[in-house]
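Novice:
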Amino acid sequence: MKKNLFIGVAAVLLATSYASASTFPNGDSYFGSQMPVAQSYRVIDLSQDKWATVDCGETVTFVNKGQQFSFKFDSVRHSRVAISSFAPAGFDTSGKVVYIHMGEYDIRG
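In terms of mature numbering (1 follows the signal peptide of the UniProt record, and there is no 0), the sequence shown is residues -21 to -1, 1 to 88.
1. Given VAL16, which residues of its chain have a CB within under 8 Å of its CB, disregarding the five upstream and five downstream residues?
2. So VAL76 and PHE10 are in contact, right, with Cβ under 8 Å, and what is the actual spacing, rounded?
3. Expressed to the nearest angstrom, what Euclidean distance is found between the alpha-carbon atoms of SER58 and ILE79?
4. In whole angstroms, give me the CA-to-CA distance for ALA68 and GLU83.
5. Among the residues of its own chain, which have a CB less than 7 Å from the CB of SER63, if the five just before and after it don't count?
6. Check whether the Cβ atoms of VAL42 and SER26 lie closer than 9 Å to each other.
7. Figure out for me which residue from GLY36, LYS29 and GLN13 has the closest Cα to the Cα of ASP85.
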């Protein structure tokens, strides 16, 4: 009985930590924040591109199947990220990823 309870608690904790793996406790994304579409530098059409490459500090608009949203990348994690981890609910990312590179203010030298 105790073993089943332990396994159940462990499964719930693991699922909870995985669900919030890309957000801070207050719900903000680790990778940046959504912005008004008018403030974006460029448009990335997910139906045309296999992946996207952005620089930290850049604001882009993602477009797919008649939907769009803009996002400003501001992250300490410069890596490959699933767009679904920061896209608004209901936006079809088609499983695409974005590669976040260091921006001009991240490069020290």
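The beta carbon of each residue, even a glycine, is placed where N, CA and C say it ideally should be.
As the structure is a computational prediction, the values presented were derived from the model and not from experiment.
Specialist: On the basis of the coordinates in this document:
1. Within the same chain, VAL16 has close Cβ partners THR40, GLN47, PHE48 and SER49.
2. PHE10 and VAL76 do not touch by the CB rule: their CB atoms are close to 12 Å apart, not below 8 Å.
3. 5 Å
4. Taking the Cα positions, ALA68 is about 31 Å away from GLU83.
5. Non-local beta-carbon contacts of SER63 in its own chain, meaning distances under 7 Å to residues more than five positions away in sequence, involve THR72 in chain order.
6. Contact flag set, yes.
7. When each option's Cα is compared against that of ASP85, the closest is GLY36.
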